[in-house]
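Take 59 as the starting number for the sequence shown in my numbering and just add one per residue. One structure is given below, encoded as structure tokens.
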Amino acid sequence: MRLTKVEHIGIAVKDLEKSIKFYEEVFGLKCYKIEEVEDQKVKTAFLKIGDTKIELLESTTSDGPIAKHIEKRGEGFHHIAYAVENLREALAEADSQGIQLIDREPRKGAEGLNIAFLHPKSTHGVLTELCEKPE
Ligand code: ZN
């Protein structure tokens, strides 16, 4: 598959407001959007850094995937997201290479992107999101 850039880096946090404050005051980044993705039970905040973004993720429920992640591993790095030109093609290609797909079909993610996750078992331990700008 052909990756075009690091779209964003996902970081699991316990408290979105406090984390935004940290990224703004210490790192001087600017949060330009807060968005809830009901499907994934998360509230996300986006901060631009150069050509890429930081996505902060706070769970909206105690049993959501981010809540579980924090329970097991604490706050911190959660996933990397790469941009691809054609998500369906990329998924079919990964599937044919024996990569374990979390999403077999693209779904709607934050920022209006079509997204799909690859399982960390198949990617040397890194939860990997592929994203595509809808046409
Ligand atoms: Zn993401």
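For every residue, glycine included, the Cβ atom is placed at its ideal position computed from N, Cα and C.
Check: Is Ala-139 near the ligand ZN, with its Cβ less than 7 Å from a heavy atom?
Finding: The sequence position of residue 139 within the sequence shown is 81, counting from 1. Because some heavy atom of the ligand ZN lies under 7 Å away, the Cβ of Ala-139 counts as near it: yes.
Check: Applying the criterion that 16 or more other CB atoms from any shown protein chain within 10 Å of the CB defines a buried residue, is Lys-101 buried or exposed?
Finding: As a working note, residue 101 is residue 43 in the sequence shown. Buried, since its Cβ has 16 or more Cβ neighbours within 10 Å.
Item checked: Best match in Leu-176, Glu-193, Leu-114 and Tyr-140 for proximity to Ile-157 [C-alpha to C-alpha] -> Sequence index remark: in the sequence shown, residue 157 carries index 99 (1-based). That would be Leu-176, whose Cα lies nearest to the Cα of Ile-157.
Note to self: I want to check one thing, is the minimum distance from the CB of His-127 to the heavy atoms of the ligand ZN below 7 Å?
What the structure shows: Stepping through the sequence shown from its first residue, residue 127 is reached at position 69. No, since every heavy atom of the ligand ZN falls outside the 7 Å radius drawn around the Cβ of His-127.
Margin query: At the level of alpha carbons, what is the spacing between Met-59 and Leu-171?
Written below: In the sequence shown, counting from the first residue as 1, residue 59 sits at position 1. In the sequence shown, counting from the first residue as 1, residue 171 sits at position 113. Computed Cα separation, rounded: 18 Å.
Notebook entry, point to check: Do the stretch 122–130 and the stretch 64–72 make contact, defined as three or more Cβ pairs closer than 8 Å?
Noted result: yes
Check: For Gly-170, does the three-state DSSP call read helix, strand or coil?
Finding: As a position in the sequence shown, residue 170 is number 112, starting the count at 1. Here Gly-170 sits in helix by DSSP.
Check: Looking only at DSSP bridge pairs, what is Tyr-140 linked to?
Finding: The residue given as residue 140 occupies position 82 in the sequence shown. Answer by DSSP bridge pairing, in chain order: Val-64 and Leu-188.
Check: Any heavy atom of the ligand ZN closer than 7 Å to the CB of His-177?
Finding: Locating residue 177 in the sequence shown gives position 119, where the first residue counts as 1. For the ligand ZN, not one heavy atom lies less than 7 Å from the Cβ of His-177.
Item checked: Closer than 7 Å: His-66 CB and nearest the ligand ZN heavy atom -> To locate residue 66, count along the sequence shown from 1; it is residue 8. Yes; taking the cut-off as 7 Å, the Cβ of His-66 has a heavy atom of the ligand ZN nearer than that.
Margin query: Taking the beta carbon of Thr-62 as the centre, do at least 16 other beta carbons fall within 10 Å, making it buried, or is it exposed?
Written below: One-based indexing of the sequence shown puts residue 62 at position 4. It is exposed - the Cβ of Thr-62 has fewer than 16 other Cβ atoms within 10 Å.
Margin query: Please report the straight-line C-alpha distance between Gly-167 and Ile-173, rounded to a whole angstrom.
Written below: The residue given as residue 167 occupies position 109 in the sequence shown. The residue given as residue 173 occupies position 115 in the sequence shown. Using only the alpha carbons, I get a separation of about 6 Å.
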